[in-house]
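Residue 256 is where the sequence shown starts when you use our numbering, and the numbers rise one by one after that. Think of the CB as a built atom: it goes at the ideal place given N, C-alpha and C, for glycine as much as any other residue. In this text, all values refer to a predicted model and were calculated from it rather than measured experimentally. A short write-up of the structure that comes next.
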Amino acid sequence: MDKVNIEIDGKKIEADVGAMIIEVADQADITIPRFCYHKKLSVAANCRMCMVDVASIPKAVPACATPVADGMVVNTQSARALDAQKSVMEFLLINHPLDCPVCDQGGECELQDLSVGYGEDISRYSEGKRVVIDKDLGPLIATDMTRCIHCTRCVRFGQEVVGLRELGATGRGEHVEIGTYIEASMDSEVSANIIDLCPVGALTAKPSRYKARAWELRESSSIAAHDCLGSNVFIHQRRNEIIRVVPKENESINEVWLSDRDRFSYQALTEGERLLNPRIKKDGEWQETDWQTALNFAATEMKRIIGASKGDAFGALIGNNSTLEESYLAQKVLRGLGCDNIDFRTRRRDFSGDAMGNIRSGLNFPMQELDDMDATLLIAGDLRQEQPLTALRIRKSTGFGVAMAINPFDGEYNFRLDIELQPEPHLFAQEFACVLKATIELKGDSFTVPPDLKEWLIKTSFSKQHTQIAETLINNDKSCILVGVYAQEHPQAEIINWLAEQVAELTDSKWGYMTQGCNAAGNKLAGAIPNHIEVSGRATDGKNAKQMIHEGLKGYLIHNCEPDVESIWADKALQSFKDAECVIALTSYADGRISEYANVMLPIAGCYETPGTYINIEGRWQSFSSAVSAPGETRPAWKVLRVLGNILELKDFEYESSSQICDELREKFEQVGEKKVARKTPAALTVANELETKRDSLGLYRVDPMVRRASALQKTTKASTHHISISRVKV
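In structure tokens:
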């Protein structure tokens with residue numbers, strides 16, 4: 256029997272066998288009070304607030320730890336249930352301080368809400384209340400542990416979801432305290448989720464502490480601007496100032512979690528030196544000017560340089576976090592002038608796959624399926640540094656499945672690895688090719704090796720571990736290969752992706768690759784790459800990011816990025832910009848080295864200040880509105896580019912809203928999610944240049960201009976220590 260019939264408060268319900276009473280009640284919209292229970296955590300049953308009356312049991316039982324049985328009759332409002340719940344509430348309030356008027360949790364506190372319904376007006380307890388010394392958990396989380404009710408949600412989150420036991424309970428009885436045992440900050444990249452989990456005001460956000468009351472905030476939905484998953488968020492703002500960012504539940508994308516990077520990056524909108532007015536550099540000095548003058552200057556310089564060189568001496572570099580609409584208009588302006596030199600991939604070394612015209616980017620399966628994989632092979636990825644929430648999904652699957660990795664560097668894993676290979680970085684593609692050959696050998700007669708592939712693999716040998724990886728992928732029904740960000744920065748990135756595709760096809764596995772930033776798929780789709788026939792309507796052969804930086808063009812358009820910091824050729828980029836005749840910068844900030852080499856700076860709105868659309872690695876389109884208005888003379892970038900197109904007298908620049916731009920692109924690419932272009936078999940498997948295979952990681956909190964200016968993130972341990980990757984040396 257898969258289902259049982261029960262009754263809760265007179266309502267007949269069909270429930271799954273093994274489900275707990277509280278789960279069934281939630282599904283039926285029947286409220287049962289609780290503190291320790293959370294649907295994403297294990298059952299602790301230590302708060303006892305969810306006591307209910309079951310007809311066949313002589314005393315009240317916890318709804319979170321009592322499985323349903325056929326014919327069970329449950330009453331949540333009987334005298335026995337209410338008496339038990341009120342008694343628990345009385346005990347919880349004995350030592351709880353009367354901090355509600357100054358507590359940041361006030362107005363959205365679970366204890367506050369339930370005490371109204373189950374608490375007494377006057378306490379019978381007249382002794383001194385317990386006081387607990389606060390813990391310093393770092394720059395992101397503020398503590399007031401006297402308010403703690405020992406629900407242990409924060410402890411279980413670290414142990415079960417993150418895989419890092421940073422918090423624990425020490426002491427006995429009323430002397431129990433939650434802390435780090437030894438004084439230390441929480442260094443997890445998703446640590447601030449305990450703020451959302453805490454039912455009281457013991458754990459709150461330090462950057463927004465004492466800034467606003469919950470009822471003063473206005474809430475709007477948006478999309479996180481720093482991960483390729485497209486995490487859904489709520490923006491809480493007061494008087495046009497963002498006070499905090501919290502996760503919005505979306506089970507298929509970010510579940511109920513949010514990375515610290517996406518949660519606290521909003522600080523950069525009010526910190527750092529915001530560019531509030533257009534500026535033009537005259538005689539080496541910056542002068543503020545009006546929009547018309549600045550745009551006329553930019554348009555004149557673009558026409559001059561592009562016209563004189565027939566589009567060869569000018570190029571545009573686009574930020575990874577630019578919206579779909581911004582990237583589309585940027586390439587439309589350039590191509591309207593006859594220039595195809597545009598790219599957003601400033602951290603890519605291998606551009607050999609551009610001519611194939613594959614506009615699909617990311618995964619070829621829903622992200623949620625990572626939870627249920629029986630076998631996962633991670634290729635050159637440090638997910639905790641690159642996409643923290645993806646690491647949580649893989650950790651979930653390792654509870655019953657197998658995780659394997661081929662990584663040139665020691666990665667930080669929060670899940671168990673059953674097999675790990677660590678080749679030298681310049682021999683990484685060869686190591687992965689061994690897995691392909693082992694797979695072909697195991698498939699035997701069931702797979703015919705193409706002539707070009709057979710010749711390519713004839714000198715490749717494989718070991719027992721390569722065979723184990725291949726066998727694991729073949730023998731499990733649900734398996735996937737996930738290629739990390741480092742692989743996309745490798746000088747043999749296209750070969751690595753081709754190998755992943757071949758192994759996935761042979762083993763009937765799903766595969767995909769992680770991307771840098773939140774909108775790499777959108778930038779590619781919008782045409783922010785030099786080869787994009789679908790957008791331009793003609794075969795193009797412009798310069799890619801590497802060529803634009805190394806060849807030293809006469810003019811550059813830099814949009815929402817700082818290549819002199821972010822690019823893997825940062826020093827060369829800085830020199831090329833300084834040597835250029837004109838650099839036009841669309842930026843939100845006036846600080847940094849951009850003020851040294853730019854000739855005109857146009858102030859654009861930051862994320863959450865502009866509407867737009869991001870496309871995540873699944874190919875999911877997610878549009879959002881602005882949560883706050885931009886300060887000063889700052890304007891949304893899509894409007895700046897639209898007006899620039901008008902000044903240049905280009906066709907089809909009559910957009911009145913960003914949604915019109917999005918709709919235009921949708922019409923062009925209705926089938927983008929199904930478009931697949933086969934990768935060509937590599938001509939040879941050569942050894943990569945050792946210098947080019949070094950890992951020049953930006954680190955978790957230096958990936959884009961906004962994150963680099965978020966003060967709380969820059970105070971964390973992960974930001975204050977240089978990100979060093981070490982490969983094992985064979986002796």
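Mind the definition here: the segment 519-529 touches the segment 961-970 only if three or more C-beta pairs lie below 8 angstroms; say whether that holds. yes
Which of helix, strand or coil DSSP assigns to Val-883: coil
Taking a contact to mean a Cβ-Cβ separation below 7 angstroms, would you say Leu-419 touches Gly-426 in this structure? no
So, for Lys-985: in the same chain, excluding its five sequence neighbours on each side, which residues have a beta-carbon less than 6 angstroms away from its beta-carbon? Legend: pLDDT at Lys-985 = 46, less than 50; position of this residue unreliable, value from coordinates given subsequently. Here the set comprises nothing.
Jot down the residue ranges of each uninterrupted alpha helix (DSSP H) in the segment 465-526, minimum 4 residues, whole runs only, in chain order. 515-519
Would you mind listing the beta strand (DSSP E) stretches within the segment 358-421 that are 3+ residues and don't spill past its ends, in chain order? 396-398
Can you tell me whether DSSP reads Val-986 as helix, strand or coil? The pLDDT assigned to Val-986 is 40, lower than 50, so where the model puts this residue is not dependable, and the model offers no usable value.
From the DSSP output, in three-state form, read off Glu-744 for me. helix
Cα-Cα separation, Glu-922 to Glu-540: 46 angstroms
Please list, in chain order, all residues of the same chain as Asn-551 whose beta carbon is under 8 angstroms from its beta carbon, the five residues on each side excluded. Ile-902
Considering only residues of the same chain and omitting the five flanking positions on each side of Ser-297, which have a CB-CB separation below 7 angstroms? Arg-411 and Glu-415
Is it right to say Gly-777 is buried, meaning 16 or more other beta carbons lie within 10 angstroms of its own, or is it exposed? buried
Among Leu-348, Arg-385 and Val-387, the one whose alpha carbon lies nearest that of Asp-368: Leu-348
Just to confirm my understanding: we take Ala-783, look at its own chain, exclude 5 residues before and 5 after, and list those with CB closer than 6 angstroms. What are they? Ile-573, Ser-582, Gln-586, Ile-597 and Phe-599
What are the start and end residues of the alpha helix (DSSP H) that includes Ile-649? 643-652
Alpha helix (DSSP H) runs contained entirely in the segment 797-821, provided each spans 4 or more residues: 800-806 and 818-821
By the 10 Å Cβ neighbour count, where 16 or more other Cβ atoms means buried, how is Asp-271 classified, buried or exposed? exposed
To the nearest angstrom, how far is it from the Cα of Gly-265 to the Cα of Val-329? 8 angstroms
When you compare each of Gly-608, Asp-629 and Ala-853 to Asn-786 by their alpha carbons, which one comes out closest? Gly-608
Which residue comes first and which comes last in the alpha helix (DSSP H) that contains Ile-561? 546-564
Candidates Asp-595, Arg-408 and Glu-760: which alpha carbon is nearest Asp-796's? Asp-595
State buried or exposed for Gln-282, treating a residue as buried only when at least 16 other CB atoms are found within 10 Å of its CB. exposed
So is Thr-548 buried or exposed if we call it buried at 16+ other beta carbons inside 10 Å? exposed
With DSSP collapsed to three states, give me the class of Trp-824. coil
Can you have a look at Phe-655 and say buried or exposed, based on whether 16 or more other CB atoms are within 10 angstroms of its CB? exposed
Are the CB atoms of Gln-771 and Asn-575 nearer to each other than 7 angstroms? yes
Span of the alpha helix (DSSP H) around Gln-915: 913-923
Whole angstroms are fine: how far does the CA of Cys-409 sit from the CA of Arg-650? 18 angstroms
Could you spell out the range, first to last residue, of the beta strand (DSSP E) harbouring Val-962? From DSSP, Val-962 is part of no beta strand (DSSP E) but of the alpha helix (DSSP H) over 960-963.
Buried/exposed call for Lys-973, threshold 16 Cβ in 10 Å: buried
Quick one: grab the DSSP three-state call for Leu-347. helix
Since I believe Ala-397 is in contact with Thr-459 (beta carbons under 8 angstroms), could you give me their beta-carbon distance rounded to a whole number of angstroms? 5 angstroms
Name the residue from Gly-326, Ser-333 and Met-961 whose alpha carbon lies nearest to the alpha carbon of Cys-816. Met-961
In whole angstroms, what is the alpha-carbon distance linking Ala-853 and Leu-592? 21 angstroms
Can you give me the Cβ contacts of Ile-813 inside the same chain, cut-off strictly under 6 angstroms, excluding the 5 residues immediately before and after it? Leu-572 and Ala-840
Option nearest Glu-675 by Cα separation, candidates Gln-685, Gly-393, Ala-339 and Pro-663: Pro-663
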